[in-house]
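Engineer:
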Amino acid sequence: MKTNPLPELPVSAVLPALGEELATKSSAVLVAPPGAGKTTLVPLALLDAPWLGAGRIVLLEPRRLAARAAARRMAELLGEEPGGTVGYAMRMENRTSARTKILVVTEGVLSRMIIDDPELPGVSAVIFDEFHERSLDGDFGLALALDVQGALRPDLRLLVMSATLDGARVARLLSGAPVIESEGRAFPVDIRYDQRSPGTAIEDAMAMAIRSALAEESGSLLAFLPGQREIERTAERLRDRISADTDIVPLYG
Numbered sequence: 270m271k272t273n274p275l276p277e278l279p280v281s282a283v284l285p286a287l288g289e290e291l292a293t294k295s296s297a298v299l300v301a302p303p304g305a306g307k308t309t310l311v312p313l314a315l316l317d318a319p320w321l322g323a324g325r326i327v328l329l330e331p332r333r334l335a336a337r338a339a340a341r342r343m344a345e346l347l348g349e350e351p352g353g354t355v356g357y358a359m360r361m362e363n364r365t366s367a368r369t370k371i372l373v374v375t376e377g378v379l380s381r382m383i384i385d386d387p388e389l390p391g392v393s394a395v396i397f398d399e400f401h402e403r404s405l406d407g408d409f410g411l412a413l414a415l416d417v418q419g420a421l422r423p424d425l426r427l428l429v430m431s432a433t434l435d436g437a438r439v440a441r442l443l444s445g446a447p448v449i450e451s452e453g454r455a456f457p458v459d460i461r462y463d464q465r466s467p468g469t470a471i472e473d474a475m476a477m478a479i480r481s482a483l484a485e486e487s488g489s490l491l492a493f494l495p496g497q498r499e500i501e502r503t504a505e506r507l508r509d510r511i512s513a514d515t516d517i518v519p520l521y522g
């Protein structure tokens with residue numbers, strides 16, 4: 270199928286090489302730093318691969334939130350909503366259709382798919398994203414997929430993607446699969462130290478530093494604090510004390 274032009278991100282430079290490797294080999298390892306674009310661009314770039322045929326690409330994400338976000342972003346790049354060319358499935362939630370070619374799933378869903386039907390009918394490739402996070406379910410899913418590939422589906426493509434993993438070690442698990450590395454984007458970093466007295470609460474110091482940075486610089490700002498309580502207290506200290514056109518967005522897990 271034809272897709273819209275994909276955005277240019279760091280991983281774009283290695284997509285042709287990845288496509289060439291998977292055209293002749295059953296497995297590959299892609300190492301790319303965070304923000305390189307591997308989660309969303311790689312599955313979309315493989316949609317036109319001849320070996321895909323009528324099958325699907327299954328993209329494994331370690332968390333439900335990441336699975337939804339990846340599916341929504343890929344669908345957006347295609348000018349669609351999730352459930353069309355790109356869908357997702359997780360426990361108690363399924364947005365797929367007969368048109369779905371990229372299926373984003375969580376770890377438990379992949380294991381269940383293989384256990385229910387080890388031949389994985391209708392699946393041409395399985396991509397393990399964020400494999401460096403390592404989990405029992407993720408490792409189990411890869412072990413099952415390797416068994417399927419070795420015993421039942423030699424045509425099944427397996428791609429392991431990671432931000433920090435030792436690609437060579439994983440490649441050995443995949444029978445010497447090629448390792449493709451993508452460079453990230455580097456930006457200059459200016460380090461400045463801000464003094465505060467020992468008795469100043471971290472929330473007060475951070476709020477002052479943020480106000481100072483917003484006054485001196487243009488653009489957005491990302492501030493790191495130890496935990497949820499400190500984040501909320503800092504946000505409270507900033508309300509009504511910074512420009513009305515500046516959004517305060519507390520983020521924590």
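Counting in our numbering, the sequence shown runs from 270 upward without gaps. Backbone N, C-alpha and C fix where the C-beta goes; we use that ideal spot for every residue, glycine too.
Does DSSP classify MET361 as helix, strand or coil?
Structural biologist: coil
Engineer: Is it right to say GLY391 is buried, meaning 16 or more other beta carbons lie within 10 angstroms of its own, or is it exposed?
Structural biologist: exposed
Engineer: What three-state label does DSSP hand ILE471 in the structure shown?
Structural biologist: helix
Engineer: With DSSP as the reference, label ARG502 as helix, strand or coil.
Structural biologist: helix
Engineer: Using only the alpha-carbon positions, how far apart do ALA529 and THR375 sit?
Structural biologist: Only positions 270 to 522 of the chain appear in the structure, and residue 529 is not among them; the question remains open.
Engineer: Taking only three categories from DSSP, how would you classify LEU329?
Structural biologist: strand
Engineer: Does GLN497 pass the burial test, meaning 16 or more other C-beta atoms within 10 Å, or should it be called exposed?
Structural biologist: exposed
Engineer: What do you get for ILE396, buried or exposed, if any count of 16 or more other CB atoms within 10 angstroms of its CB means buried?
Structural biologist: buried
Engineer: In three-state terms, what does DSSP make of VAL283?
Structural biologist: helix
Engineer: Could you pull the start and end residues of the beta strand (DSSP E) that GLU376 belongs to?
Structural biologist: Element bounds for GLU376: not the beta strand (DSSP E) but the alpha helix (DSSP H), 376-385.
Engineer: Taking the straight line between their C-alpha atoms, what separation do you get for PRO467 and GLU499?
Structural biologist: Spanning the alpha carbons of PRO467 and GLU499 requires a straight line of approximately 17 Å.
Engineer: Whole-angstrom Cβ separation of VAL448 and ALA437, contact assumed at under 8 Å?
Structural biologist: 6 Å
Engineer: The ligand ADP and ILE326: does the residue's C-beta get closer than 7 Å to at least one heavy atom of that ligand?
Structural biologist: Summarising the ligand content, the structure contains no ligands, and the ligand ADP is consequently not present.
Engineer: Do you know how far the Cα of THR309 is from the Cα of VAL417?
Structural biologist: Approximately 25 Å between the Cα atoms of the pair.
Engineer: In chain order, what are the residue ranges of uninterrupted alpha helix (DSSP H) at least 4 long that sit wholly in the stretch 280-324?
Structural biologist: 284-293, 307-314
Engineer: Output needed for ARG480: all residues of its chain with C-beta closer than 8 Å, excluding positions within five of it in sequence on either side, in chain order.
Structural biologist: LEU507, ARG510, ILE511
Engineer: With distances taken Cα to Cα, identify the nearest neighbour of GLY523 among ALA358, MET477, PRO276, LEU427.
Structural biologist: This structure cannot speak to residue 523, because the chain is shown only from 270 to 522.
Engineer: Could you check what DSSP says for ALA513 in three-state terms: helix, strand or coil?
Structural biologist: coil
Engineer: In whole angstroms, give me the CA-to-CA distance for GLU598 and GLY419.
Structural biologist: Coverage of the chain is limited to positions 270 through 522, which leaves residue 598 absent and any answer about it impossible.
Engineer: If PHE400 and MET430 are in contact, beta carbons under 8 Å, what's the gap, nearest whole angstrom?
Structural biologist: That belief holds up - the Cβ atoms of PHE400 and MET430 are roughly 7 Å apart, short of 8 Å.
Engineer: Name the one or two DSSP bridge partners that GLU485 has.
Structural biologist: Answer by DSSP bridge pairing: none, since GLU485 is not bridged.
Engineer: Taking the CB atoms as reference points, tell me whether ARG465 and ALA476 lie closer together than 8 Å.
Structural biologist: The answer is no: Cβ separation not under 8 Å.
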